[in-house]
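>
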Ligand SMILES: [Fe+2]
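In this note's numbering, the protein residues as written are 967 to 1230.
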């Protein structure tokens, strides 16, 4: 399996807190059948993104695991004004393996309308934005039509593996399952930060998705599409988005489901 979203590189953000933790995460990954990992440190108000340092940390870790694991760099790219300015000058410093796919993360508290245009601008610059863990974002959960619109415009969606196991709560788990069934999921990644609370595990998710949706879908989401993004190739699995189901509120309370069918 190929993990395109992982905070394995040491002492850059709230991920691995030491080289030893990074090594433990790498061992965990290898044991669980992961062959490629993209180290994707945050670039946001809390953590400064320094490409030279990130490359150095990757090289050190790669040196320890040569022949056992392939490591690359990317970025957990927060959709902030500053980042959007920076990426215009040099996109490769942020993209997955310096190719043309970019993880993008939205704030939990506000996604202003200009963000729709910003996504489009990234696409016009030749990039493929991958919306990271929309199932964990309460704003997107309450406005799934917005996510679906981005996907129809050619963006992709990445779900956190542990969301399928309830780690991020019931609402996130339900959205992950619904959106997968609706053809609105293109990648599953660990977003691992350590070996305990946010582990570098994908195998149990591969098995779960295989059981519920067939091995072909599990391979597409955890092997083939991530490898295509890693290598900068078109995705092999891009299902037609069938329908969107929006919940009138984000809880399990009143309101129930309303279905919307979108014209193609
Ligand atoms: Fe992340």
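Note that beta-carbon positions come from the ideal geometry of N, C-alpha and C, so glycine has one too.
(1) Just to check, is the beta-carbon of residue 1162 closer than 7 angstroms to a non-hydrogen atom of ligand 1?
(2) In or out: residue 1047 buried (at least 16 other Cβ within 10 Å) or exposed?
(3) Are residue 1065 and residue 1107 touching if we call contact CB-CB under 8 angstroms?
(4) Are residue 1096 and residue 1069 touching if we call contact CB-CB under 8 angstroms?
(5) Measuring alpha carbon to alpha carbon, tell me which residue in 1012, 1132, 1043 is nearest residue 1093.
(6) Report whether the distance from the Cβ of residue 1039 to the nearest heavy atom of ligand 1 is below 7 angstroms.
(7) Out of curiosity, what's the CA-to-CA distance linking residue 1054 and residue 970?
(8) Exposed or buried, which one is residue 961 when buried takes at least 16 other CB atoms within 10 Å?
(9) As a quick exercise: from 1024, 1030, 1187, pick the residue whose alpha carbon is nearest that of residue 1037.
(10) Taking the alpha-carbon of residue 1104 as reference, which of 1071, 1159, 1173 has the nearest alpha-carbon?
(11) For residue 1179, is the beta carbon positioned less than 7 angstroms from some heavy atom of ligand 1?
(12) Examine ligand 1 and report whether any of its heavy atoms sits within less than 7 angstroms of the Cβ of residue 1001.
(13) Is residue 975 near residue 1035, with beta carbons less than 8 angstroms apart?
(14) On the DSSP bridge list, what partners appear for residue 1044?
(15) Exposed or buried, what is residue 1119 when buried is set at 16 or more other beta-carbons lying within 10 Å of its beta-carbon?
(16) Does the beta-carbon distance from residue 994 to residue 1166 come in below 8 angstroms?
Inspection of the coordinates gives the following:
(1) On the chain shown, residue 1162 is found 196 positions in, with the first residue counted as 1. No, since every heavy atom of ligand 1 falls outside the 7 angstroms radius drawn around the Cβ of residue 1162.
(2) If you number the chain shown from 1, residue 1047 lands on position 81. Label assigned to residue 1047: exposed.
(3) As a first step, residue 1065 must be located in the chain shown, where it is residue number 99. As a first step, residue 1107 must be located in the chain shown, where it is residue number 141. No. Outside cutoff.
(4) As a working note, residue 1096 is residue 130 in the chain shown. As a working note, residue 1069 is residue 103 in the chain shown. A contact, by the Cβ cut-off of 8 angstroms.
(5) Looking up residue 1093 in the chain shown gives position 127. Among 1012, 1132, 1043, the Cα nearest to that of residue 1093 is on 1043.
(6) By one-based count along the chain shown, residue 1039 stands at place 73. Incorrect: residue 1039 has no Cβ contact closer than 7 angstroms to ligand 1.
(7) By 1-based counting over the chain shown, the position of residue 1054 is 88. By 1-based counting over the chain shown, the position of residue 970 is 4. Straight-line Cα distance between these residues: approximately 22 angstroms.
(8) Residue coverage of the chain in this structure runs from 967 to 1230, which leaves residue 961 outside it and unanswerable.
(9) Residue numbering aside, residue 1037 sits at position 71 when the chain shown is read from its first letter. Out of 1024, 1030, 1187, 1024 has the C-alpha closest to the C-alpha of residue 1037.
(10) Here residue 1104 refers to the residue found at position 138 of the chain shown. Measuring from the Cα of residue 1104, the nearest candidate turns out to be 1071.
(11) Along the chain shown, one-based indexing puts residue 1179 at 213. No, the Cβ of residue 1179 stays beyond 7 angstroms of every heavy atom of ligand 1.
(12) For the purposes of this step, residue 1001 is taken as the residue at position 35 of the chain shown. For ligand 1, not one heavy atom lies less than 7 angstroms from the Cβ of residue 1001.
(13) As a working note, residue 975 is residue 9 in the chain shown. As a working note, residue 1035 is residue 69 in the chain shown. The answer is no: Cβ separation not under 8 angstroms.
(14) As a first step, residue 1044 is located in the chain shown; it is residue number 78 there, counting from the start. Answer is 1071.
(15) For the purposes of this step, residue 1119 is taken as residue 153 along the chain shown, with counting starting at 1. Residue 1119 comes out exposed.
(16) The residue labelled residue 994 in the question sits at position 28 within the chain shown. The residue labelled residue 1166 in the question sits at position 200 within the chain shown. Yes. Within cutoff.
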